[in-house]
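Numbering (this note's numbering), first residue to last: 11 to 381.
The C-beta atom is built at its ideal place from N, Cα and C for all residues, glycine as well.
Since we're looking at a predicted model, the values are computed, not measured.
What follows is the structure, encoded as structure tokens:
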């Protein structure tokens with residue numbers, strides 16, 4: 011069953027205290043100090059992830075790094091949230107009406123899942139954040155993944171997640187969505203994308219037109235990437251469709267520029283490469299095999315890619331890159347990518363953030379407030 015309630019973890023849901031307010035102000039000062047001197051505007055992009063601060067991974071926090079497109083400048087990481095007596099799991103989410111929503115699970119340091127939910131910023135600067143808000147999912151193991159998906163022309167957004175439960179002695183695997191129909195004011199379990207005996211994980215989705223929602227997932231054991239589609243804004247879903255990506259793939263992330271281009275990033279853990287593929291939105295919807303041939307960044311020991319559209323046919327891709335065999339140290343690497351893919355789209359990539367220890371799954375968001 012679900013892990014027992016953690017009274018220490020619940021403290022941050024019962025209202026703020028003077029200590030909480032002081033900590034919030036301090037974090038604001040620390041975050042502003044991380045921004046480049048002379049830059050006082052909201053950044054263009056923000057990368058949110060969970061990160062440990064010691065080699066034993068005993069303490070994790072949700073952290074943020076900022077990027078300014080015009081200056082091509084990144085800040086370092088600064089803490090956004092720390093869970094009392096718990097570890098922060100995978101971090102994902104998006105922006106609704108100028109507020110950042112970050113979904114993540116919280117886990118016991120010795121193992122086991124405590125809960126899943128979100129925090130919400132007051133504005134795009136993220137100087138202050140709400141307390142952690144649980145969302146019930148009814149599963150024993152769970153993790154959010156991918157960007158928030160806005161159902162075009164509605165007040166609804168979806169946050170994909172996955173998990174499993176032991177039912178009558180048998181593991182049953184799920185891909186599901188959290189859903190809001192009131193522009194983020196309230197969230198609830200939004201239904202089942204997949205239920206069965208195949209361990210699909212790491213869902214990532216986009217809306218490609220009115221009521222047309224597509225979610226990509228990875229088979230944990232087989233390594234293939236599959237997709238599910240909804241024709242009614244994420245309320246019901248088609249059966250699984252193959253995409254032709256059948257290698258030892260990991261962690262697909264798909265993004266739509268809103269104007270006709272879709273970019274897919276994923277890993278090949280067999281060759282330790284990062285791979286990109288693209289398609290038009292129309293082709294990606296109609297044909298699960300429509301993506302271009304892989305464009306590969308070889309031998310980069312990649313981890314956890316996140317893709318963010320920054321303009322027509324233009325994206326920014328970021329991922330962690332492990333730099334030692336222990337997996338404790340890594341760099342955060344990334345750069346701009348234009349589609350259609352041609353030549354070497356990785357030519358301008360570089361290490362963008364110094365990272366003390368290994369990151370977990372993260373999300374790159376456009377925080378300019380223009381989309």
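- prompt: What residue ranges within the stretch 59-99 form continuous beta strand (DSSP E) runs of no fewer than 3 residues, ordered along the chain?
  reply: 70-78, 88-92
- prompt: Any C-beta of chain C sitting closer than 8 Å to the C-beta of residue 271?
  reply: Of the protein chains in the structure, only one exists, and it is not chain C.
query: Under a Cβ-count criterion, where at least 16 other Cβ atoms within 10 Å of its own Cβ denotes burial, should residue 265 be classed as buried or exposed?
result: buried
task: Let me know the secondary structure DSSP gives residue 295 once reduced to three states.
output: helix
message: Can you look up residue 257 in the DSSP assignment and give me helix, strand or coil?
response: coil
- request: Note down, in chain order, each residue of its chain lying with its Cβ closer than 6 Å to the Cβ of residue 185, except the 5 sequence neighbours on either side.
  value: 172, 203, 204, 210, 213, 227
message: By the three-class DSSP mapping on this structure, what secondary structure does residue 357 have?
response: coil
task: Tell me where the beta strand (DSSP E) around residue 167 begins and ends.
output: 167-177
- prompt: Do residue 139 and residue 91 come within 8 Å of each other at the CB atom, strictly closer than that value?
  reply: yes
- request: Look up residue 349 in the DSSP assignment and say whether it is helix, strand or coil.
  value: coil
Three-way DSSP call (helix, strand, coil) for residue 184 in this model: strand
field: Length of the line joining the Cα atoms of residue 52 and residue 107
entry: 15 Å
query: Since residue 275 sits in a beta bridge, which residues does DSSP pair it with?
result: 263, 286
message: In the DSSP output, which residue or residues are listed as bridge partners for residue 302?
response: Residue 302 is not bridged to any residue.
query: residue 329 to residue 364, Cα distance in whole Å?
result: 12 Å
task: Identify, in the order they occur along the chain, each residue of the same chain with its Cβ nearer than 6 Å to the Cβ of residue 292, setting aside the five sequence neighbours on each side.
output: none
- prompt: Near residue 132, which residues of its chain fall below 6 Å by C-beta distance, leaving aside the five closest residues on each side in sequence?
  reply: 138
query: Are there 16 or more other CB atoms within 10 angstroms of the CB of residue 375, so buried, or fewer, so exposed?
result: buried
field: Closest Cα partner of residue 283 within the set 327, 189, 306
entry: 306
query: Helix, strand or coil: how does DSSP classify residue 135 here?
result: coil
task: State buried or exposed for residue 357, treating a residue as buried only when at least 16 other CB atoms are found within 10 Å of its CB.
output: exposed
task: Would you mind reading off the limits of the beta strand (DSSP E) that contains residue 217?
output: 210-219
- prompt: Near residue 324, what residues of its chain come up, given a Cβ to Cβ distance below 6 Å and the 5 sequence neighbours on each side ignored?
  reply: 348
message: So for residue 241, helix, strand or coil by DSSP?
response: coil
message: What residue range does the beta strand (DSSP E) around residue 327 cover?
response: 324-332
field: Sequence-distant residues of the same chain with beta carbon closer than 8 Å to residue 166, five excluded per side
entry: 160, 189, 190, 191, 243, 244
query: How is residue 318 classed by DSSP in three states: helix, strand or coil?
result: strand
message: Quick check on residue 88: buried or exposed, where buried means 16 or more other Cβ atoms within 10 Å of its Cβ?
response: buried
field: Three-way DSSP call (helix, strand, coil) for residue 124 in this model
entry: strand
Span of the beta strand (DSSP E) around residue 113: 109-117
query: Just curious, the beta strand (DSSP E) that residue 205 is in, first and last residue?
result: 198-206
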